[in-house]
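First comes the structure, then the notes that go with it.
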Amino acid sequence: MRPLLLQTLFVAFCLALGLLRPLPAAAQEQNTEQEAQTETGQPQVRSLPPAYEGQLMRLAEILGALHYLRNLCGTEEGQLWRDEMQRLIAAEKPSEQSQAQMVAAFNRGFRGYAEIHRECNEPAIEAANQFLAQGTRITAEIPNRYGR
Numbered sequence: 081m082r083p084l085l086l087q088t089l090f091v092a093f094c095l096a097l098g099l100l101r102p103l104p105a106a107a108q109e110q111n112t113e114q115e116a117q118t119e120t121g122q123p124q125v126r127s128l129p130p131a132y133e134g135q136l137m138r139l140a141e142i143l144g145a146l147h148y149l150r151n152l153c154g155t156e157e158g159q160l161w162r163d164e165m166q167r168l169i170a171a172e173k174p175s176e177q178s179q180a181q182m183v184a185a186f187n188r189g190f191r192g193y194a195e196i197h198r199e200c201n202e203p204a205i206e207a208a209n210q211f212l213a214q215g216t217r218i219t220a221e222i223p224n225r226y227g228r
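Sequence positions in the sequence shown follow our numbering and run 81 to 228.
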């Protein structure tokens with residue numbers, strides 16, 4: 081279905097995904113109870129998760145769904161979407177808890193669509209196209225809204 085449109089959306093999504101790398105909040109991590117004290121015994125202020133964490137979780141879920149759907153429909157992209165997820169995690173440098181949540185969101189996206197779509201058909205193609213568009217919007221919105 082419209083291979084040129086699908087290819088254009090795919091390229092735009094991949095390019096937009098690269099915009100997440102330089103975000104300043106990427107280094108924020110939460111401290112454990114033991115790490116939360118300075119040498120003088122005073123508690124440190126804990127870092128909050130980035131304001132866009134919900135969007136990151138949604139993006140992780142989208143990447144999981146795309147990993148399943150695009151391979152189901154024979155795009156021969158191999159591990160592209162899983163690799164993009166790894167790049168996102170590497171760029172964000174989330175806390176262990178946030179990373180586990182991102183991985184769970186990716187897996188939820190993958191498994192959710194694996195249960196629904198067993199073969200490539202029009203609804204599977206449409207879902208993949210919608211995820212490409214939504215992922216592109218999210219990757220553009222984060223740096224535009226929250227800065228670099």
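All C-beta atoms, glycine included, are put in the ideal place defined by N, C-alpha and C. As the structure is a computational prediction, the values presented were derived from the model and not from experiment.
Residue interval of the alpha helix (DSSP H) (run including residue i)
| i | result |
| --- | --- |
| residue 189 | 176–196 |
| residue 219 | 202–226 |
| residue 141 | 133–152 |
| residue 172 | 160–172 |
Burial state of residue i, where buried means 16 or more other Cβ atoms lie within 10 Å
| i | result |
| --- | --- |
| residue 218 | buried |
| residue 134 | exposed |
| residue 130 | buried |
| residue 136 | buried |
Proximity to residue i [Cα-Cα], best of the options
| i | options | result |
| --- | --- | --- |
| residue 185 | 140, 226, 129 | 140 |
| residue 174 | 154, 156, 132, 191 | 132 |
| residue 183 | 196, 227, 143 | 143 |
| residue 208 | 226, 193, 156 | 193 |
| residue 150 | 214, 200, 223, 227 | 200 |
Contact with chain B by residue i, beta-carbon distance below 9 Å
| i | result |
| --- | --- |
| residue 162 | Of the protein chains in this structure there is only one, and it is not chain B. |
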